[in-house]
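Asker: Could you have a look at this structure, given as structure tokens, before my questions?
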Amino acid sequence: AQSVTQPDIHITVSEGASLELRCNYSYGATPYLFWYVQSPGQGLQLLLKYFSGDTLVQGIKGFEAEFKRSQSSFNLRKPSVHWSDAAEYFCAVEGGSYIPTFGRGTSLIVHP
Amino acid sequence: DGGITQSPKYLFRKEGQNVTLSCEQNLNHDAMYWYRQDPGQGLRLIYYSQIVNDFQKGDIAEGYSVSREKKESFPLTVTSAQKNPTAFYLCASSMGGAGANVLTFGAGSRLTVL
Chain X
7 AQSVTQPDIH ITVSEGASLE LRCNYSYGAT PYLFWYVQSP GQGLQLLLKY
57 FSGDTLVQGI KGFEAEFKRS QSSFNLRKPS VHWSDAAEYF CAVEGGSYIP
107 TFGRGTSLIV HP
Chain V
-18 DGGITQSPKY LFRKEGQNVT LSCEQNLNHD AMYWYRQDPG QGLRLIYYSQ
32 IVNDFQKGDI AEGYSVSREK KESFPLTVTS AQKNPTAFYL CASSMGGAGA
82 NVLTFGAGSR LTVL
């Protein structure tokens, strides 16, 4: 079975500060990994994905994520946060079932 | 532009009534999904369909029903058997098949039971 844990329910950062959102997964082999973002009252939008190859993946809006097999992690990072980045962020894992499993989400609050 | 359309955006229901949420996609995707979102619980899979005329239960299918008569459409019915139906419902689609399913989401439907 596959599962994903996002340990932080809320993260608060100041505008211009760096950001790291944590994601840990459980799956017996190398999974497919995703980060999605959701603005209030909207659907989810794909930020980036990891399938294979380079463990550092670049996404939209200046986000990046690093796959670390030894830590079963896929943390999302951004060097400088903008107020418009305030949203809910979801990590997802897809293994042999071909159906993504989502984490509970991390709410990002950005202070001016 | 290709995408997924969910309707209605907001829906109010009296207890004991069935309601149907619409989901239409023009992306030519084979797979479609319904998720339920509650605060602090992330997205939970209700039903999914990988091909027309076939669908499977997800983690929380009780009290829900679906149909997949056309590739473009995957309506969800919330029946009176669903004990706590107030939630935000998200429909998604993907190309399907083995692995790496990037989901495209609709804007969601918020159901409130009065």
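Protein chains in written order, with our numbering: chain X, 7 to 118; chain V, -18 to 95. No residue lacks a Cβ here, since even glycine has one placed at the ideal position from N, Cα and C. None of the values given here were measured: they were computed from a predicted structure.
DSSP on Ser20 of chain X, reduced to helix/strand/coil?
Answerer: In the structure shown, Ser20 of chain X sits in a strand (DSSP, three-state: E or B).
Asker: Cβ of Ile27 of chain V within 7 Å of Cβ of Gln6 of chain V?
Answerer: Their beta carbons are not under 7 Å apart, which means Ile27 of chain V does not touch Gln6 of chain V by this criterion.
Asker: If you count every other CB in all the chains shown that lies within 10 Å of the CB of Lys(-10) of chain V, and 16 or more means buried, which is it?
Answerer: Lys(-10) of chain V comes out exposed.
Asker: Counting only beta-carbon atoms, is Phe86 of chain V nearer than 7 Å to chain X?
Answerer: Phe86 of chain V counts as touching chain X.
Asker: Smallest Cα separation from Pro85 of chain X: which of X:Phe69, X:Gly59, X:Gln51, X:Ser78?
Answerer: Out of X:Phe69, X:Gly59, X:Gln51, X:Ser78, X:Phe69 has the C-alpha closest to the C-alpha of Pro85 of chain X.
Asker: Here's a check: name, in chain order, each residue in its chain whose Cβ is nearer than 6 Å to the Cβ of Leu25 of chain X, leaving out the five neighbours to either side.
Answerer: Contacts found: Val19, Lys84, Val87.
Asker: Quick check on the burial criterion: 16 or more other C-beta atoms within 10 angstroms. Buried or exposed for Lys38 of chain V?
Answerer: Lys38 of chain V comes out exposed.
Asker: Please state the DSSP three-state secondary structure of Ile15 of chain X.
Answerer: Note: Ile15 of chain X maps to coil in three-state DSSP.
Asker: Short check: CB of Val43 of chain X to CB of Leu53 of chain X, under 7 Å?
Answerer: Yes, the Cβ-Cβ distance between Val43 of chain X and Leu53 of chain X is below 7 Å.
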